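If you want this note's numbering, it's the position in the sequence shown, counting the first as 1, plus 28. Even for Gly, the Cβ is constructed at its ideal location relative to N, Cα and C. Because the structure is a prediction, the values reported are computed rather than measured. Take a look at the structure below.
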Amino acid sequence: MSFLNNLEWRYATKKFDTSRKVSSENLDTILEAIRMTPTSFGLQPYHFYVVNRPDVMMKIQEASWNQPQVGTASHIIVMCARNDLMQTKDEYFDAMSWGKAEIRASLAGFEQMVTGFIPNSSPEWAKKQAYIAQGFALAACAELQIDSCPMEWFDPVAVGQILSLPENLSVAVIIPIGYRALDENPRSKVRFPKEKLFTFITE
29 MSFLNNLEWR
39 YATKKFDTSR
49 KVSSENLDTI
59 LEAIRMTPTS
69 FGLQPYHFYV
79 VNRPDVMMKI
89 QEASWNQPQV
99 GTASHIIVMC
109 ARNDLMQTKD
119 EYFDAMSWGK
129 AEIRASLAGF
139 EQMVTGFIPN
149 SSPEWAKKQA
159 YIAQGFALAA
169 CAELQIDSCP
179 MEWFDPVAVG
189 QILSLPENLS
199 VAVIIPIGYR
209 ALDENPRSKV
219 RFPKEKLFTF
229 ITE
């Protein structure tokens, strides 16, 4: 199927087939799509936990008001935003310069601009970047005909405690992935027409 057809096919799956698991190869493809996500300045101010341990998944389900897609999924991708943005910046420029001082020096103008931006960014900025990664994850799943369900309705503090998150991370969104259960009955997809969504300003 084409990309648009795959987007038409996908929906927020509420119950997965527990007998089917996402292969390591397909999981790697989804994670690579996340890794290649574009972000502001390229900073990638996030970290991801990939969970497929049943006992941990059930604890996360409890912290998600027992929504069944969490416990029945093949894997859960927990997307966390970083709050240590200066550290993130230093790691990024170190990677960009291959740890070489002379290359880092040549990037001084760019680094100064990013350094000036960070104190003015709100805590929500990194979370917004994680949401961009979420979109790429959902698109990659659709391309592979793997079901997914982006979720905000959970207790982020409780999920963070379950995963023993370090202080520099906070949970932004979780994505259970897998294969829809046979008795799932997805609603028809409803999207506004182009006339309602787009305004064209032309010559």
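Paired residues, beta bridge with residue i - DSSP
{"i": "L197", "result": "R110"}
{"i": "A40", "result": "S176"}
{"i": "I202", "result": "V106, M179"}
{"i": "V78", "result": "I105"}
Three-state secondary structure assigned by DSSP to residue i
{"i": "P151", "result": "coil"}
{"i": "R208", "result": "strand"}
{"i": "M141", "result": "helix"}
{"i": "L135", "result": "coil"}
{"i": "P221", "result": "coil"}
{"i": "F228", "result": "coil"}
{"i": "N213", "result": "coil"}
{"i": "G127", "result": "coil"}
{"i": "L191", "result": "coil"}
{"i": "D45", "result": "coil"}
Cβ-Cβ distance between residue i and residue j below 8 Å
{"i": "A129", "j": "Y74", "result": "no"}
{"i": "K43", "j": "E212", "result": "yes"}
{"i": "I205", "j": "V50", "result": "yes"}
{"i": "M107", "j": "A158", "result": "yes"}
{"i": "A123", "j": "A200", "result": "no"}
{"i": "N196", "j": "D112", "result": "yes"}
{"i": "R38", "j": "S102", "result": "no"}
{"i": "K87", "j": "I203", "result": "no"}
{"i": "A91", "j": "A186", "result": "yes"}
{"i": "L210", "j": "D45", "result": "yes"}
{"i": "E36", "j": "K222", "result": "no"}
{"i": "A168", "j": "I58", "result": "yes"}
{"i": "A165", "j": "I104", "result": "no"}
{"i": "K175", "j": "R208", "result": "Note on residue identity: the sequence assigns Asp, not Lys, to residue 175. Yes, these two residues count as a Cβ contact at 8 Å."}
- Message: Would the stretch 142–158 count as touching the stretch 173–184 if we require 3 or more Cβ pairs under 8 Å?
- Response: In this structure the stretch 142–158 does not lie against the stretch 173–184, because fewer than three pairs of beta carbons, one per stretch, are closer than 8 Å.
- Assess, as a yes-or-no matter, whether the stretch 130–138 is touched by the stretch 96–111 under the definition of 3 or more beta carbon pairs within less than 8 Å. Cβ pair count under 8 Å is below three, so no.
- Task: Output the residue ranges of the beta strand (DSSP E) runs that lie fully inside the stretch 48–98 and measure 3 residues or longer, sorted by chain position.
- Result: The DSSP assignment places complete beta strand (DSSP E) segments of no fewer than 3 residues inside the stretch 48–98 at 74–79, in order along the chain.
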